[in-house]
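Below you'll find the structure, written out as structure tokens, and then a few comments.
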Amino acid sequence: MIRFIDNDPDAGSTNFLRPAAGGPTTAVSLENIHETSHETPLGSGASSPELTVYDDDDSEDAAFMLSHLVSDGYQSVLQGESSDFSNFSFALGAEPAPDVDFASQAKQFFILSSAGKPIFSYHGTDETVTSYMGVIQTLVAFFQDDKDNDNGDNLRTITTSNRTKFSVLNQSPLLFMAVSSQNEPDGVLSRQLAFLHNFLLSIFSRSFIARSFTRANFNLQNHLSSNDVRALIEICDGFAHRTMTNLNFLTSSLEYFYLKKAVRARIDDVFLSLRALKLGDETDSNNLLYGLLVAPHGKLISILRPRNRSLHTIDLQILFRAVFSLARDGLGDSQEEFWVPICLPKFNANGFLYAYVRFVDSVALILLSATKGAFYEMKQYANSFVAKLELPKIMGSLAQSLQLARNGITAAFVHNTNILHFVYISKKHLQHINSRLPDDEVIRNNVARFYHVLKDFLDTQDSSQTEKGDETRIVFRKWRTGERYLVGFGLANASFEIYALVPHSFGNGNVRKDLIFHNIMGIVRWCARNEERLFVVGGAVF
Amino acid sequence: MSSRKKTLLKVIILGDSGVGKTSLMQQFVNKKFSHQYKATIGADFLTKELPIDDKTVTMQIWDTAGQERFQSLGVAFYRGADCCILVYDVNNAKSFESLLAWKDEFLIQANVSLPETFPFIVIGNKIDIDENKRVVSYKKAAQVCQQLGNVPYFETSAKDGINVEEAFDVVSRNALQQEEANDEFNDDYNDAINIHLDGEAGNCTC
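Chains L and R are the protein sequences, given in the same order. If you use full-length UniProt numbering, the first sequence corresponds to residues 1 to 542, in order. If you use full-length UniProt numbering, the second sequence corresponds to residues 1 to 206, in order.
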């Protein structure tokens with residue numbers, strides 16, 4: 001880890017990015033910046049940006065995070081929220097940016113080309129954003145372009161003195177940047193950027209992007225449809241607002257759909273029967289590759305797949321995201337069908353699969369084929385599927401299942417044990433379940449954030465212990481949220497992870513760790529016992 | 001695809017230190033001129049929306065530092081440019097002699113696919129200064145631009161705002177032409193995946 005604070009105003013490297021002296025809350029004009037640079041040389045005050053350049057080894061970075069967090073007994077993670085971003089600005093623009101909303105956002109996401117042309121921005125008008133793109137591109141290139149050394153340092157994160165974090169993902173010819181004042185661990189931002197990258201790949205494929213950027217001035221922005229932009233904004237919403245939608249990313253898994261084993265088996269059988277139909281253009285062919293039945297919010301009900309070819313969780317998250325952004329237009333109309341080319345980057349980043357999509361009572365039936373012309377074939381499979389399943393009837397029990405499951409879990413564990421909330425992740429199935437969100441709004445809106453911190457602790461322990469990865473790791477954290485205290489618990493081993501939040505009245509002595517642990521293990525045992533109801537265990541395999 | 005197509009033009013301004021690159025940009029974007037000279041540190045970025053015939057384009061102007069110590073930033077700046085403006089000071093012979101070097105530097109660093117068709121513009125700035133001090137004649141400059149490959153030539157005063165609009169109008173048109181050369185390829189989703197279900201590992205990388 002190379003870490004430096006630039007003290008030389010003439011060194012050039014940090015001059016592109018400079019917190020405005022005195023902390024005005026909007027972007028500062030170019031002229032102002034030049035003047036303030038004479039009055040307050042960089043490095044003379046607390047406002048100096050602190051650049052941290054990481055090499056490929058993240059371990060020291062993690063160690064740094066750890067020491068920083070450990071030194072602080074009670075993390076008040078809920079303080080200092082959305083206003084932080086406005087306290088610094090880039091040195092650019094001849095007029096103060098009129099886009100005040102832009103500067104006051106707690107979190108920003110940018111996608112740009114390696115030439116510095118904007119592709120996507122979560123906030124801000126084109127006019128506001130275009131100049132920033134040049135600054136970002138220059139910063140990244142400054143650290144990267146060491147022509148003689150391909151392994152030159154890549155800029156990963158910049159943390160300013162007011163704890164605003166800039167995180168960069170360089171996937172030339174594309175650049176991704178997140179700016180956050182939410183103080184999350186570095187790994188969170190990089191995972192979010194990686195997801196945005198994968199989502200772009202799903203729209204275009206890696207080979208299309210590579211081909212297009214053989215001319216470096218290519219403008220990818222024009223090839224994003226309004227639907228794509230809307231989906232990107234929704235993804236960023238999920239990242240920025242830290243609500244439950246984040247848990248998929250936190251856990252790298254899919255959310256469960258509680259269902260009786262027999263019902264699941266019935267659906268699997270119907271899926272398998274589609275593979276037995278031979279309706280392809282060529283005699284005796286069947287171009288159905290994957291079949292998925294998915295409840296709203298991307299909850300997987302059942303999957304049909306070839307043996308030895310599970311779909312990667314990231315691919316499924318992307319597929320569901322794309323499918324349910326179609327639903328907005330066509331929801332409720334079961335006659336509407338979609339035929340969508342989609343690249344699943346973990347499956348094959350260089351090519352497209354074709355997704356037949358149809359909504360039945362808000363549940364999505366997705367049939368994937370590698371054959372571009374297989375729409376009518378898939379349509380017939382879909383008809384057969386719907387007919388055989390008597391879907392409306394099954395749907396009734398599906399909906400009931402969902403409701404029952406949520407209430408059941410809440411009643412059985414959360415209520416009786418004083419646990420506010422938990423999430424259980426099955427590593428084997430890459431799926432998770434979580435209890436109903438707590439009523440307390442502050443806690444509800446920050447659940448993912450608490451878990452990110454706990455997870456980061458467990459992950460860090462992992463990397464610092466190096467040897468055996470399958471030992472059980474446990475973490476307890478205490479937080480203060482206003483007047484209240486909250487205990488966070490995390491436990492991870494080779495087969496599962498569980499995170500939970502428990503209220504704690506600070507005046508009442510020590511945290512009863514043994515009691516919390518006991519209650520948590522009760523949940524773990526229940527999850528193990530009900531595995532086949534909670535998770536899609538094998539799917540319909542052919 | 002997107003209903004309103006956006007056009008973003010990346011324009012680079014190059015030239016020796018002190019020839020008026022920043023002033024030209026400020027005059028064009030903000031109609032302002034400052035008598036005080038401040039060396040550009042690294043780069044300045046300005047954005048201007050402007051109409052070209054019936055469409056509106058966004059010009060992203062990258063104003064670079066003329067000073068040599070910032071030249072290591074070259075690759076970053078030049079990559080993916082749609083037009084390059086070469087500026088010299090008509091009262092400074094050395095800045096005029098540097099034009100070819102700046103053009104070569106750009107072509108090498110930017111790694112443009114067709115160097116012979118890449119649009120450059122040459123601007124001779126500071127024509128407001130006393131005629132007696134002028135060392136490069138219009139005739140001489142126009143001749144050199146011809147030799148550089150028929151590069152359009154403008155003489156401007158960033159201070160008085162003379163000819164600046166006209167020069168940038170040609171910049172935007174030539175940049176647009178360069179940008180639109182991208183539209184030739186087709187964007188069909190034709191990258192089919194060959195699936196061999198009997199195979200062991202296959203395409204799936206998970």
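We put the CB at the ideal spot given by N, CA and C, even for glycine.
Please say whether residue j and residue i have beta carbons closer to each other than 8 Å?
i	j	result
L/Leu277	L/Ser384	yes
L/Ala387	L/Leu367	no
L/Ser167	L/Thr157	yes
residue 554 of chain L	L/Val524	For chain L, the structure presents residues 1 to 542; residue 554 of chain L sits outside this window and is missing.
residue 543 of chain L	L/Arg449	The question about residue 543 of chain L has no answer, for chain L in this structure spans 1 to 542.
R/Ala158	R/Leu24	yes
L/Ala178	L/Leu193	yes
L/Val323	L/Val294	yes
R/Leu176	R/Leu8	no
R/Cys145	R/Val151	yes
L/Ile419	L/Ala492	no
R/Lys126	R/Val171	no
R/Ile85	R/Leu14	yes
L/Leu292	L/Leu300	yes
L/Arg275	L/Asn286	yes
R/Val48	R/Val29	Note that residue 48 of chain R corresponds to Lys in the displayed sequence, not to Val. Yes.
residue 610 of chain L	R/Gly80	This structure gives no information on residue 610 of chain L, because the portion of chain L shown stretches from 1 to 542.
How would you call residue i, buried or exposed, if buried means at least 16 neighbouring beta carbons within 10 angstroms?
i	result
L/Thr214	exposed
R/Asp128	exposed
R/Pro51	exposed
L/Lys165	buried
L/Lys107	buried
L/Met133	buried
L/Val442	exposed
L/Cys527	buried
L/Gln400	exposed
L/Gln137	buried
R/Ile108	exposed
L/Gln317	buried
R/Asp53	exposed
Relative to the alpha-carbon of residue i, which residue among the options has its alpha-carbon at the smallest distance?
i	options	result
R/Asp16	R/Gly149, R/Gln147, R/Lys103	R/Lys103
L/Ile498	L/Phe352, L/Leu486, L/Leu193, L/Ile516	L/Ile516
R/His35	R/Gln178, R/Asp160, R/Ala181	R/Asp160
L/Phe142	L/Gly291, L/Ser131, L/Ser114, L/Tyr122	L/Ser114
L/Phe320	L/Met521, L/Val363, L/Ile419, L/Lys379	L/Val363
L/Val229	L/Arg275, L/Ser121, L/Leu174, L/His421	L/Ser121
L/Ala253	L/Ile433, L/Arg484, L/Leu272	According to the sequence shown, residue 253 of chain L is Ser rather than Ala. Closest by alpha carbon: L/Ile433.
L/Pro341	L/Leu201, L/Ser180, L/Ser212	L/Leu201
L/Arg264	L/Tyr376, L/Asp459, L/Ile303, L/Gly238	L/Ile303
L/His312	L/Asn154, L/Cys343, L/Leu189, L/Ser495	L/Cys343
L/Val270	L/Gly298, L/Arg206, L/Leu365	L/Leu365
L/His429	L/Leu534, L/Ser181, L/Ser369, L/Ile520	L/Leu534
R/Phe120	R/Gln178, R/Gly66, R/Thr156	R/Gln178
L/His197	L/Ser180, L/Ser207, L/Gln182, L/Asn170	L/Asn170
If you measure from the beta carbon of residue i to each beta carbon in chain L, is any gap under 8 Å?
i	result
R/Glu165	no
R/Lys21	no
R/Leu8	yes
R/Gln178	yes
R/Ile193	yes
R/Pro5	Reading off the sequence, residue 5 of chain R comes out as Lys, not Pro. Yes, R/Lys5 lies at the interface with chain L (some Cβ there is under 8 Å from its Cβ).
R/Ser17	no
R/Asn203	Low local confidence applies: a pLDDT of 44 at R/Asn203 is under 50, so the model's placement there is unreliable, and no value is given.
R/Ile13	no
Could you tell me whether any Cβ in chain R is nearer than 8 Å to the Cβ of residue i?
i	result
residue 543 of chain L	The structure shown does not extend to residue 543 of chain L, since chain L is modelled only from 1 to 542, so the question has no answer here.
L/Leu304	no
L/Thr130	yes
L/Val135	yes
L/Pro96	The predicted position of L/Pro96 is uncertain, since its pLDDT is 39 and thus under 50; no value can be drawn from it.
L/Ala370	yes
L/Glu127	yes
Using a Cβ-Cβ cut-off of less than 8 Å, list which residues of the region 28 to 62 of chain R approach chain L; keep chain order.
Val29, Asn30, Lys32, Ser34, Lys38, Ile41, Gly42, Ala43, Asp44, Phe45, Leu46, Thr47, Glu49, Thr58, Gln60, Trp62
Residues from the region 108 to 121 of chain L in contact with chain R, defined by Cβ distance under 9 Å:
Ser113, Ser114, Ala115, Gly116, Lys117, Pro118
Below 9 Å between beta carbons is the criterion; list the residues of the region 209 to 229 of chain L that meet it against any residue of chain R, in chain order.
Cβ contacts with chain R come from Arg211, Ser212, Phe213, Thr214, Arg215, Ala216, Asn217, Phe218, Asn219, Gln221, Asn222, His223, Leu224, Ser225, Ser226, Asp228, Val229.
Within 7 Å of chain L by C-beta, residues of the region 99 to 114 of chain R in sequence order
Ser113
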